[in-house]
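**Q** Note that numbering that gives the first Met the number 0 has the sequence shown beginning at 0, numbered continuously upward.
Have a look at this one before I ask anything.
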Amino acid sequence: MNWGKLAAIALLGSAIAAGAGMWYAQEYGYYDPIDPNGPGAALGITTPAGQQPLVLTGFEGIDADSSPLRWRACAMVEDIPADALPFDGATPLVGPRWFGCFDAARIGEDLESGAARAVLSVSDIRPDVDRVLAVYPDGRVYGWHQYNDKTPERGVMD
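Take a look at the structure:
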């Protein structure tokens, strides 16, 4: 075997290893489960009167320190306040494949068709990021974080 073939094999092996490492990091490496009995599992909803806590069952959630957008949650809720603030432009973000309870494509279709409605859970949970919930009439609730729109009054670099 000549040095050219050896170099090509080493380069190809390095590319495959780097790709596998990046895939693992994005799919598994940064996510941590949220303890269903911990404070991270407490969800609320924003109404004109302020923040209202929700009574949840069957909570499943994940989060990561690497990005404010990696938070996802699925649960059942007993009662949603009728005056919950709607969230315009809700776009569920795709989560890792192994987090099976959260299907962003299906939630997005249901929001468009009216089978579910998007409501504001927490405004600015992190700077310029809102927590959004998709609420179904049967009590299912799915949550994610989404960038909020910046207004010209605030500026882009505040």
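The beta-carbon is built from N, C-alpha and C at its ideal position, and this holds for glycine as well.
Using the Cα positions of residue 19 and residue 26, report the straight-line distance between them to the nearest angstrom.
**A** In the sequence shown, residue 19 corresponds to position 20, counting from 1. In the sequence shown, residue 26 corresponds to position 27, counting from 1. Between residue 19 and residue 26, the C-alpha separation is close to 10 Å.
**Q** Would you mind giving the Cβ-Cβ distance between residue 86 and residue 94, rounded to the nearest angstrom? I have them listed as a contact below 8 Å.
**A** To locate residue 86, count along the sequence shown from 1; it is residue 87. To locate residue 94, count along the sequence shown from 1; it is residue 95. The pair is not a contact, with the Cβ atoms about 18 Å apart (cut-off 8 Å).
**Q** So within the segment 50-96, which uninterrupted beta strand (DSSP E) runs reach at least 3 residues, ignoring any that extend past its ends?
**A** Here the runs fully enclosed are 55-62 and 71-76.
**Q** What's the call for residue 45, buried or exposed, on a 16-neighbour Cβ count within 10 Å?
**A** Residue mapping note: residue 45 aligns to position 46 of the sequence shown, counting from 1. Buried.
**Q** Hey, residue 53 and residue 43: beta-carbon distance below 8 Å or not?
**A** Residue numbering aside, residue 53 sits at position 54 when the sequence shown is read from its first letter. Residue numbering aside, residue 43 sits at position 44 when the sequence shown is read from its first letter. It is a contact, given that the beta carbons lie within the stated cut-off.
**Q** What is the C-beta distance between residue 126 and residue 106, in whole angstroms, given that I count them as a contact (C-beta under 8 Å)?
**A** Indexing the sequence shown from 1 puts residue 126 at position 127. Indexing the sequence shown from 1 puts residue 106 at position 107. The Cβ separation is near 25 Å, so there is no contact.
**Q** Which first and last residues belong to the beta strand (DSSP E) in which residue 141 is found?
**A** The residue you call residue 141 lines up with position 142 of the sequence shown. Unbroken beta strand (DSSP E) run through residue 141: 139-146.
**Q** With DSSP collapsed to three states, give me the class of residue 38.
**A** Position 39 of the sequence shown holds residue 38. Residue 38: helix per DSSP, three-state reduction.
**Q** To the nearest angstrom, how far is it from the Cα of residue 112 to the Cα of residue 35?
**A** Looking up residue 112 in the sequence shown gives position 113. Looking up residue 35 in the sequence shown gives position 36. Cα-Cα distance, rounded: 30 Å.
**Q** So, at 6 Å on beta carbons, what are the nonlocal neighbours of residue 140 in its own chain, with the 5 sequence-adjacent residues on each side left out?
**A** Residue numbering aside, residue 140 sits at position 141 when the sequence shown is read from its first letter. Taken in chain order, the residues that qualify are 74, 76, 132 and 134.
**Q** With H, G and I counted as helix, E and B as strand and the rest as coil, what does DSSP make of residue 115?
**A** On the sequence shown, residue 115 is found 116 positions in, with the first residue counted as 1. Coil at residue 115, not helix or strand.
**Q** Could you tell me whether the Cβ atoms of residue 80 and residue 51 are closer together than 8 Å?
**A** Your numbering for residue 80 matches position 81 in the sequence shown. Your numbering for residue 51 matches position 52 in the sequence shown. Yes, the Cβ-Cβ distance between residue 80 and residue 51 is below 8 Å.
**Q** Suppose you measure from the CA of residue 146 to the CA of residue 5; what does that come to, to the nearest Å?
**A** Along the sequence shown, one-based indexing puts residue 146 at 147. Along the sequence shown, one-based indexing puts residue 5 at 6. Each residue's alpha carbon lies about 47 Å from the other.
**Q** So which of 78, 138 and 40 has the shortest CA-CA distance to residue 62?
**A** Taking the first residue of the sequence shown as 1, we reach residue 62 at position 63. Answer by Cα proximity: 40.
**Q** If you reduce the DSSP assignment to three classes, tell me which class residue 109 lands in.
**A** The residue you call residue 109 lines up with position 110 of the sequence shown. Helix.
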